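Protein chains in written order, with UniProt numbering: chain A, 1 to 295; chain B, 1 to 295. Built from N, CA and C at the ideal position, the CB exists for glycine as well. Remember, it's a predicted structure, so these values are computed and weren't measured experimentally.
2 protein chains.
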Amino acid sequence: MKVGFIGLGLMGLPMAENLRKAGHTLYLHSRSGVPAAVQGDGMIACENPAEVASKAEVVITMVPDTPDVEKVLFGEKGVAGGLSDGKLVIDMSSISPVATKAFAKRIEELGCGYIDAPVSGGDIGAKAATLTIMVGATETDFERAKPLFEAIGKTITLVGGVGSGQTCKVANQIIVALNIQAVAEALTFASKAGADPVRVRQALLGGFASSRVLEVHAERMINRTFKPGFRVGLHMKDLEVALSNARALGVALPSTAVAQQMFNSCVANGDIDADDSILCTAIERLSGHEIAKGS
Amino acid sequence: MKVGFIGLGLMGLPMAENLRKAGHTLYLHSRSGVPAAVQGDGMIACENPAEVASKAEVVITMVPDTPDVEKVLFGEKGVAGGLSDGKLVIDMSSISPVATKAFAKRIEELGCGYIDAPVSGGDIGAKAATLTIMVGATETDFERAKPLFEAIGKTITLVGGVGSGQTCKVANQIIVALNIQAVAEALTFASKAGADPVRVRQALLGGFASSRVLEVHAERMINRTFKPGFRVGLHMKDLEVALSNARALGVALPSTAVAQQMFNSCVANGDIDADDSILCTAIERLSGHEIAKGS
Chain A
1 MKVGFIGLGL MGLPMAENLR KAGHTLYLHS RSGVPAAVQG DGMIACENPA
51 EVASKAEVVI TMVPDTPDVE KVLFGEKGVA GGLSDGKLVI DMSSISPVAT
101 KAFAKRIEEL GCGYIDAPVS GGDIGAKAAT LTIMVGATET DFERAKPLFE
151 AIGKTITLVG GVGSGQTCKV ANQIIVALNI QAVAEALTFA SKAGADPVRV
201 RQALLGGFAS SRVLEVHAER MINRTFKPGF RVGLHMKDLE VALSNARALG
251 VALPSTAVAQ QMFNSCVANG DIDADDSILC TAIERLSGHE IAKGS
Chain B
1 MKVGFIGLGL MGLPMAENLR KAGHTLYLHS RSGVPAAVQG DGMIACENPA
51 EVASKAEVVI TMVPDTPDVE KVLFGEKGVA GGLSDGKLVI DMSSISPVAT
101 KAFAKRIEEL GCGYIDAPVS GGDIGAKAAT LTIMVGATET DFERAKPLFE
151 AIGKTITLVG GVGSGQTCKV ANQIIVALNI QAVAEALTFA SKAGADPVRV
201 RQALLGGFAS SRVLEVHAER MINRTFKPGF RVGLHMKDLE VALSNARALG
251 VALPSTAVAQ QMFNSCVANG DIDADDSILC TAIERLSGHE IAKGS
């Protein structure tokens, strides 16, 4: 298939390479240029998103945030300018579900399909082609895109119509952040009360308090290993999407708002690029006590 | 062993019966009297806690709240009045870690040992002798109590010194409540944004958002099955213990405070005896939208 790929960052580049390995021809564009080392052998650099869209059948976008997707799709020499009837746009960025529905409407008015398919699994999953892909699409568009998803991901779920992929990703980021906050509050309490956080974590892993976050992030809090993983700055952006969309939709998310403020505290203390488990230091600062120190 | 058991409620009675089955002689007392059907064959009713303590070598207490433990131990005709050198008190209630340390000090001054050993697993676990037991004790006292714990529980963890069992239980209740709140916020958001909560839950179960609460409580929220399970009233009490102990210890628990308010909302709406997964209705009320209804 002739596949366009726009956005060749930490995630996008290995995803594009995996699509090439699966036999597709790639038309590439990136804000910062397409690395020379990547070009050649079915990897073709394009001047702008419009050129990508005019040459490819399916155009994938993988950029940082909602305004970036808007610019790539509808800005000067954007994807919309190069599309023609029957083409398919797949946005794999993690952005606003509400904005996604508006973007989809404009693309559909051009006679094209639109899929939102944000991922989780990080750059490791992108390289290994083991990403989790949460898809919002019609059944027909999903079937058309499926071979592409299978070349870059492992767990691929059609969550619902357009926008549902982004909605599911937001739900994921809310739960992970709040589970981190849960473990941070519990371990700070336990440690300051004089219990050993290592034994507390171990005792809780078998019961109703157990979670992937208690397995993975609690260990990072105890061992003070805050190398990402998933960066504070990105998780903050995702919670900002959650809160702005909650406002637009009419939903109240009190604990999400609290967790977002804890990430603010981490940024205020210079930790924007640390792993998101460092949220625990915000609770520690509030409490004048470090989890790992014991009582 | 001659075992005293005080508090024969939904939890205490089956625990005492399992100790009897393991061959121990039980000296029983309950505020509301010892049921006639229970007495006989090594199950002996006592007039008051002091009588229990004078006849048994080890005294177990299983009562609702911190003031109940205080009354049973140190009130008129309390356990303290019947103790003599070398006996052991084991409190299996779920109460304040800070108060526990004070109670232990007073019991130790009488030449006796003190263990805090709160449980999780509910009345089902109590009947089946599969309780999870979180123990705060010295190594010596723990070894002495171990055969008793093995007669009533399955996962038995010595978390640390006296108080650590209650601290661990509080940590457990914080995490479970906050994980329920996490799922409630995520599913209310997803549902009002138009995604199917069933598919969102399914898509998230494989990744970093996965937890026992996402497995169990999210399903109750979606299917609207709020029969306990674990009652709102009890979970509220546990969060009140968390917050009052946090104040005493000098710890700030912002999200625990939010979750406690959500339980307040459930009680305000008549749901004190419902399963704690009904916390989701507080978020739903705030958002004017029910998870199960879809968009």
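Query                                                                                                                                                                     : Result
Just to confirm before moving on: does the CB-CB distance between Ile133/A and Ala117/A stay below 7 Å?                                                                   : yes
When the cut-off is 7 Å and only beta carbons count, does Gly160/B lie next to chain A?                                                                                   : yes
Among Lys105/B, Met43/B and Ala45/B, which residue has its Cα nearest to the Cα of Leu73/B?                                                                               : Lys105/B
What three-state label does DSSP hand Leu13/A in the structure shown?                                                                                                     : helix
With distances taken Cα to Cα, identify the nearest neighbour of Val79/B among Ile124/B, His29/B and Asp238/B.                                                            : His29/B
Under 7 Å Cβ to Cβ from Glu284/A, same chain only, skipping five residues before and after it: list those, please.                                                        : Thr188, Glu290 and Ile291
Could you check the C-alpha separation between Ser295/B and Val251/A for me, to the nearest Å?                                                                            : Low confidence applies here, because Ser295/B scores a pLDDT of 48, under 50, leaving its location unreliable and the question unanswered by this model.
For a quick check, are the C-beta atoms of Ala203/B and Pro197/B less than 7 Å apart?                                                                                     : no
Contact defined as beta carbons within less than 8 Å: I believe Val176/A pairs with Thr157/A. What is the distance between those atoms, to the nearest angstrom?          : Wrong, their Cβ atoms sit about 17 Å apart, outside the cutoff.
For Val200/A versus Cys46/B, is the C-beta spacing smaller than 7 Å?                                                                                                      : no
For Asp85/B, count neighbouring C-beta atoms within 10 Å of its own C-beta (all shown protein chains included) and say buried if the count is 16 or more, exposed if not. : exposed
Alpha carbon to alpha carbon, how far is Gly165/A from His24/B? Give it in angstroms, no decimals.                                                                        : 59 Å
Runs of 3 residues minimum, wholly inside the segment 106-139 of chain A: which ones carry the beta strand (DSSP E) assignment?                                           : 113-116 and 131-136
Would you tell me roughly how many angstroms separate the C-alpha atoms of Thr100/B and Val3/B, rounded to the nearest one?                                               : 21 Å
Between Gly82/B and Glu57/B, what straight-line distance do the alpha-carbon atoms span, to the nearest angstrom?                                                         : 11 Å
Output yes if chain B places a C-beta closer than 7 Å to the C-beta of Lys192/A; else output no.                                                                          : yes
Using a Cβ cut-off of 9 Å, pull out every chain B residue sitting near Arg199/A, in sequence order please.                                                                : Thr157, Leu158, Val159, Gly160, Ser164 and Cys168
Consult DSSP for Ile44/A and reduce its assignment to one of helix, strand or coil.                                                                                       : strand
For Ala292/B, decide whether its Cβ has a neighbour in chain A, counting only Cβ atoms nearer than 7 Å.                                                                   : no
Looking at the secondary structure, which residues open and close the beta strand (DSSP E) in which Asp26/A lies?                                                         : In the sequence as presented, Asp is not what sits at residue 26/A; that position holds Leu. Taken as a continuous stretch (DSSP letters only), the beta strand (DSSP E) holding Leu26/A covers Thr25 to His29.
Checking contacts by CB at 7 Å: is Ala186/A closer than that to chain C?                                                                                                  : Judged by its chain identifiers, the structure shown contains no chain C, and its protein chains are A and B.
Starting from the beta carbon of Asn264/B, find every residue of chain A whose beta carbon is closer than 7 Å, and list them in chain order.                              : Within 7 Å Cβ-Cβ: nothing; Asn264/B doesn't reach chain A, min ~12 Å.
Just to confirm before moving on: does the CB-CB distance between Gly163/A and Pro97/A stay below 7 Å?                                                                    : yes
Fully enclosed by the segment 220-278 of chain B, which alpha helix (DSSP H) runs are 4 residues long or longer?                                                          : 232-249 and 254-268
Going by other Cβ atoms of all chains shown within 10 Å of its Cβ, with 16 needed for buried, is Gly7/A buried or exposed?                                                : buried
Since Asp68/B is in the alpha helix (DSSP H), which residue starts that stretch and which ends it?                                                                        : Thr66 to Phe74
Quick check: the Cα distance between Met262/A and Lys71/A, rounded to an integer number of angstroms?                                                                     : 31 Å
To the nearest angstrom, report how far apart Ile44/A and Pro147/A are at their CA atoms.                                                                                 : 21 Å
Looking at the secondary structure, which residues open and close the alpha helix (DSSP H) in which Phe189/A lies?                                                        : Ser164 to Lys192
In three-state DSSP terms, what is Ser211/B?                                                                                                                              : strand
Of all Cβ atoms in chain A, is any one closer than 7 Å to the Cβ of Ser295/B?                                                                                             : Residue placement at Ser295/B is poorly supported in this model, since its pLDDT is 48, which falls under 50; the coordinates are not used for a value here.
Identify which residue in Asp275/A, Ala193/A, Phe103/A and Lys237/A has its Cα closest to the Cα of Ala218/A.                                                             : Asp275/A
Any idea what DSSP makes of Ser295/A, helix, strand or coil?                                                                                                              : For Ser295/A, the pLDDT reaches just 48, beneath the cut-off of 50, and the residue's location in the model is therefore unreliable, although a value from the coordinates is still provided. Reduced to three states, the DSSP call for Ser295/A is coil.
Would you say Leu19/A and Ala151/A are within 7 Å of each other, going by their C-beta atoms?                                                                             : yes
Determine the closest residue to Asn172/A out of Phe226/B, Ala209/B and Val38/B, with distance taken between C-alpha atoms.                                               : Ala209/B
For the alpha helix (DSSP H) that contains Ile283/A, what are its first and last residues?                                                                                : Cys280 to Ser287
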